[in-house]
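Participant:
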Amino acid sequence: MEYDPNLTRSMVEPLILQMLHEKRCYGYEIIKQIKERTNGEFEWKEGTIYPCMHRMEGDGLIESLWEIAENGRKRKYYAITKKGKGVLAEKSSEWASFSKAVNAVLFGKGFNPAEA
């Protein structure tokens, strides 16, 4: 399904923060995990996450460090900061309230999009 770019764009930061809350990751690993967890619904490109991650690092939400990967290559890993954990908590709560309200309107009176 093709999603509205504005809707997708608004979720990039919180989803990256969630991935980094679970463990340190390199950029491509985040892309793969998001694709896997969404059953292929979100197929992000490097151009989607790296500018966002660069901004997030500048804002102090994440930090990066170079490490030697198992294959011997240097990789840039990212980790969530304390500030990033606070923003993740805020964004998660905001999304839970927002999606609950939208669902109450869209599906509250028995509307089934499959029947439209």
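Residue numbering for the sequence shown follows our numbering, starting at 355 and increasing by one per position. Even for Gly, the Cβ is constructed at its ideal location relative to N, Cα and C.
(1) So for tryptophan 449, helix, strand or coil by DSSP?
(2) From the DSSP output, which residues share a beta bridge with isoleucine 434?
(3) At the level of alpha carbons, what is the spacing between isoleucine 434 and leucine 415?
(4) Measuring only the C-alpha atoms, how far is leucine 419 from tyrosine 380?
(5) Taking just the CA atoms, how far does leucine 460 sit from lysine 439?
(6) Please confirm whether valine 366 and cysteine 406 have their CB atoms less than 8 Å apart.
(7) With a threshold of 8 Å on Cβ separation, who are the neighbours of isoleucine 303 within its own chain once the five nearest residues in sequence on each side are excluded?
(8) Hey, could you find the ends of the alpha helix (DSSP H) tyrosine 382 is sitting in?
(9) Just the Cα atoms here: how many angstroms apart are alanine 458 and glutamate 417?
Facilitator: So, from the listed chains and residues:
(1) The residue given as residue 449 occupies position 95 in the sequence shown. Residue state, collapsed to three classes: helix.
(2) The residue labelled residue 434 in the question sits at position 80 within the sequence shown. Paired residues: Ile416.
(3) Taking the sequence shown and counting its residues from 1, the one referred to as residue 434 is at position 80. Taking the sequence shown and counting its residues from 1, the one referred to as residue 415 is at position 61. So the two alpha carbons sit approximately 6 Å from each other.
(4) Position 65 of the sequence shown, counting from 1, holds the residue named residue 419. Position 26 of the sequence shown, counting from 1, holds the residue named residue 380. Rounded to the nearest angstrom, the two C-alpha atoms are 10 Å apart.
(5) The residue you call residue 439 lines up with position 85 of the sequence shown. The residue you call residue 460 lines up with position 106 of the sequence shown. When rounded, the distance between both Cα atoms is 31 Å.
(6) One-based indexing of the sequence shown puts residue 366 at position 12. One-based indexing of the sequence shown puts residue 406 at position 52. Yes. Within cutoff.
(7) Missing from the structure shown is residue 303; the chain here goes from 355 to 470 and no further.
(8) Along the sequence shown, one-based indexing puts residue 382 at 28. From DSSP, the alpha helix (DSSP H) with tyrosine 382 extends over 381-391.
(9) For the purposes of this step, residue 458 is taken as the residue at position 104 of the sequence shown. For the purposes of this step, residue 417 is taken as the residue at position 63 of the sequence shown. Those two C-alpha atoms are separated by around 38 Å.
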